[in-house]
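**Q** What the sequence shown shows, in mature numbering (1 follows the signal peptide of the UniProt record, and there is no 0), is residues -21 to -1, 1 to 147, in sequence order.
Note that CB positions come from ideal geometry on N, CA and C, so glycine has one too.
One structure is given below, represented as structure tokens, and several questions about it will come after.
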Amino acid sequence: MKKFKLLLVLLLAIFITACGGKEEKKKEGFSYEKKSTSSEQVESNPNDVVITGNDGMQFNKTEIKVEAGKKIKITLRHIGKMDKNVMGHNFVLLKQGVNLMAFSNQAATASKNDYIPEGTQDVIAHTKMLGGGETAVIEFDAPAVGTYEFLCSFPGHSGLMKGKFIVE
């Protein structure tokens, strides 16, 4: 028993030593700056929007603000792992005054068209349906100043995956 305790303490000491904080040595005359990632660069322009959807039926944003009179670029990333037939996600921007729940109910029957009702006049822009690990990008002109709604139109998702799209 004493040997076991000694071994356990020894292993713990090795683990703590091996995982200890190593300080990065900096050379004089050099500056070390954090490089920005592509998502940070995109975030600097309010009209270039990155939004993610996950396997927990959640968008990472419930509000998006953009500038009027400019081009909008929406990048949707499905950061989950599930297939689009099980946990598909899209981004759908509705025109003002469209009832989100009524649209969602109608979209639920449009599986052959990525859950976008054929011939609908209710949509400003939308991505294709994505499965885990996929990304889609859409570009469109900003609609008039005002507040719009966005959602994922996969059946049952719009209750959680929705938000406000504000054009200022």
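1. By the three-class DSSP mapping on this structure, what secondary structure does residue 141 have?
2. Leaving aside the five residues before and after residue 125 along the sequence, list all residues of the same chain whose C-beta is less than 7 Å from its C-beta, in chain order.
3. Out of curiosity, what's the CA-to-CA distance linking residue 111 and residue 49?
4. In whole angstroms, give me the CA-to-CA distance for residue 34 and residue 90.
5. Just how far apart, CA to CA, sit residue 93 and residue 26?
6. Using the three-state DSSP reduction, which class does residue 129 fall into: helix, strand or coil?
7. What residue range is occupied by the uninterrupted alpha helix (DSSP H) comprising residue 70?
8. Return yes when the Cβ of residue 140 is within less than 7 Å of the Cβ of residue 70, no when it is not.
9. For residue 136, which beta-bridge partners are listed by DSSP?
10. I need the straight-line Cα distance from residue 45 to residue 129, nearest angstrom please.
11. Consult DSSP for residue 47 and reduce its assignment to one of helix, strand or coil.
12. Could you spell out where the alpha helix (DSSP H) holding residue 86 opens and where it closes?
13. Would a C-beta distance cut-off of 7 Å place residue 109 and residue 68 closer than the cut-off?
14. Once DSSP output is grouped into helix, strand and coil, what is the label at residue 63?
15. Check residue 40 in the structure and name its three-state DSSP category.
16. How many angstroms separate the CA atom of residue 56 from the CA atom of residue 28?
17. Going by alpha carbons, who is nearest to residue 132 out of 96, 123, 59 and 114?
**A** Short version:
1. Correct three-state label for residue 141: strand.
2. The residues are 75 and 146.
3. Taking the straight line from one Cα to the other gives about 30 Å.
4. Each residue's Cα considered, the two are about 19 Å apart.
5. Cα to Cα, residue 93 sits roughly 25 Å from residue 26.
6. In the three-state reduction of the DSSP assignment, residue 129 falls in the strand class, which pools E and B.
7. Note, residue 70: premise wrong, no alpha helix (DSSP H); not H, not E.
8. Not closer than 7 Å, so no.
9. In DSSP, residue 136 forms no bridge with anything.
10. Rounded to whole angstroms, residue 45 to residue 129 spans 13 Å at the Cα level.
11. Under the three-state reduction of DSSP, residue 47 is assigned to coil, being neither helix nor strand.
12. Run containing residue 86: 79 to 86, per the alpha helix (DSSP H) assignment.
13. Yes, they are a contact pair.
14. Helix.
15. Looking at residue 40 - three-state DSSP - the assignment turns out to be coil, as it is neither helix nor strand.
16. Put simply, the backbone Cα of residue 56 is about 11 Å away from that of residue 28.
17. Nearest C-alpha to residue 132 among 96, 123, 59 and 114: 96.
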